[in-house]
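This report concerns only the one structure given below.
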Amino acid sequence: MVTSLLVVIVLLALIFDYTNGFHDAANSIATIVSTKVLTPFQAVLMAAIFNFAAYFFIKDHKVANTVSKIVLEHYVTLHVILAGLVAAISWNLITWWFGIPSSSSHTLIGGFAGAGMTNAIYMGANALHAIEMQYVLTIIAYIVLAPFIGLVIAYLVTILILNICKKARPATAERWFKRLQLVSAAALSFAHGGNDAQKVMGILYVTLIAAKVIHAGAPMPDWIPLACYTAIAAGTMSGGWKIVKTMGSKITKVTPLEGVSAETAGAITLFITERFGIPVSTTHTITGSIIGVGLTKRVSAVRWGVTINLVWAWIITIPISALIAAGVFALLKIWG
């Protein structure tokens, strides 16, 4: 029974990673597609390659370590993990269907935490005792901080570029920025793979502990990073065109120069947070960066109605994912 449940959870975790890839493909390719630097197929192919390339360079797995500790080990069971994954996949598919660029990272974290808290209640404990508040509060704080950091960096990078290139011929400058956008989009895809694949790595690691395949503190098996990077890259290859439209054109009109600024800011923010093991949302980060670019023109250049709708999606993702996971866990308990 444990073995079959373990196999199901591993498969579901990789399916979630796949949905994460196609759900978040827009983060790294939206601007490069909207500026017509690459065709949609070329863009997703490049993004997938750089998603996977992170496997060869990022070896410390600090983000995975953080995710694995969100629910205290005493309250983690295979059913908790299963319920969290079902909730995360469900919310990812719902938001993808409606073209809402919500956070795959936060739906996974919300689902895991919600299932863990529900298990604590079943065990007669306080629900909040099941989660490591230090990590959860940090993640909640970065719902605000990650897009704000991206916004500020993008604003400053854009102003810097405009001042450096103010004497350049427009046609020459645009040609160069289209080339540079290949670099910035690749960097963002690399950072996206390195940050987001680790979240499922953390879930799979704690799954093996819960199934008593490995003990807490044991090295992560080599197959976990390889499988997670492969799944997220495959998902990115599938694209997510509804979300691409929202990210690439509905927030603000983006030129190649501004695409370089937004992607560079997003990549820098993700590299910094990955370095400190903070599982931030790639979606939030690049959205903040695109807004920062728009603000360099004028406040009205940003379509604030669209942005406010995105913010509401960000706010509700964790609690809704937690509630779905709680319901799934309760059903699993009933079914035995």
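Residues 831 to 1166 in my numbering are what the sequence shown lists, from first letter to last.
Note that CB positions come from ideal geometry on N, CA and C, so glycine has one too.
Quick check: the Cα distance between residue i and residue j, rounded to an integer number of angstroms?
i: Y985; j: I970; result: 24 Å
i: F887; j: W926; result: 30 Å
i: V1158; j: H1114; result: 27 Å
i: I839; j: I1138; result: 35 Å
i: E1093; j: A884; result: 17 Å
i: A860; j: K1008; result: 14 Å
i: Q872; j: G929; result: 21 Å
i: I924; j: Y965; result: 27 Å
i: P1149; j: G940; result: 6 Å
i: S834; j: P870; result: 39 Å
i: I951; j: L915; result: 19 Å
i: I1154; j: H891; result: 28 Å
i: A878; j: A1001; result: 30 Å
If the criterion is Cβ atoms closer than 7 Å, does the pair residue i and residue j meet it?
i: A976; j: V1110; result: yes
i: V863; j: M1067; result: no
i: F1101; j: A1021; result: yes
i: I911; j: T849; result: no
i: C1058; j: V1084; result: no
i: G1118; j: G851; result: no
i: G944; j: A1152; result: yes
i: A1143; j: L836; result: no
i: T847; j: T1112; result: Reading the sequence as shown, one finds Asp at residue 847 and not Thr. No, they are not a contact pair.
i: Y905; j: N949; result: yes
i: F880; j: S1014; result: no
i: T1147; j: T968; result: no
i: I983; j: I1098; result: yes
i: G1089; j: Q1028; result: no
From what residue to what residue does the alpha helix (DSSP H) around residue i run?
i: H936; result: S934 to Y952
i: G1047; result: Premise fails: G1047 is in no alpha helix (DSSP H) and is neither H nor E.
i: V893; result: K892 to S898
i: K1008; result: P1000 to A1040
i: L1125; result: T1112 to L1125
i: H909; result: L908 to W927
i: T865; result: It is not in any alpha helix (DSSP H) - T865 carries neither H nor E in the DSSP assignment.
i: L981; result: M963 to I994
i: E1088; result: P1086 to R1105
i: L1056; result: W1053 to S1068
So with Cβ pairs under 7 Å, would you call residue i a contact of chain C?
i: T1115; result: Absent from the structure: chain C. Only one protein chain is present.
Which one of the options has the shortest CA to CA distance from residue i?
i: E780; options: A955, T865 and D847; result: Since the first and last residues shown for the chain are 831 and 1166, residue 780 lies out of range.
i: A917; options: A1156, I951 and A860; result: A1156
i: G980; options: A1061, I1054 and G1096; result: G1096
i: I991; options: L1161, S1091, D847 and I1054; result: S1091
i: T896; options: K1127, R1128, F942 and F886; result: F942
i: G1047; options: S935, Q1011 and A894; result: A894
i: K1127; options: L923, L1087 and Y885; result: L1087
i: T845; options: I859, I961, I1062 and T1103; result: Checking the sequence, you will find Ile at residue 845 rather than Thr. If we check each option's Cα against that of I845, I1062 comes out closest.
i: M947; options: Q964, N881, A960 and K889; result: A960
i: K889; options: G1089, L1056 and L1125; result: L1056
i: L908; options: L842, I1154, N993 and E962; result: L842
i: Y972; options: I1154, I1120, N1025 and T1103; result: T1103
i: F1171; options: W1165, E962, I1120 and V867; result: This structure cannot speak to residue 1171, because the chain is shown only from 831 to 1166.
When every heavy atom of the ligand SAM is checked, does at least one fall within less than 6 Å of the C-beta of residue i?
i: I930; result: Only the bare structure without any ligand can be found here, which leaves the ligand SAM out of the picture.
Meets three-Cβ-pair contact criterion under 8 Å: the segment 1026-1037 and the segment 895-905
yes
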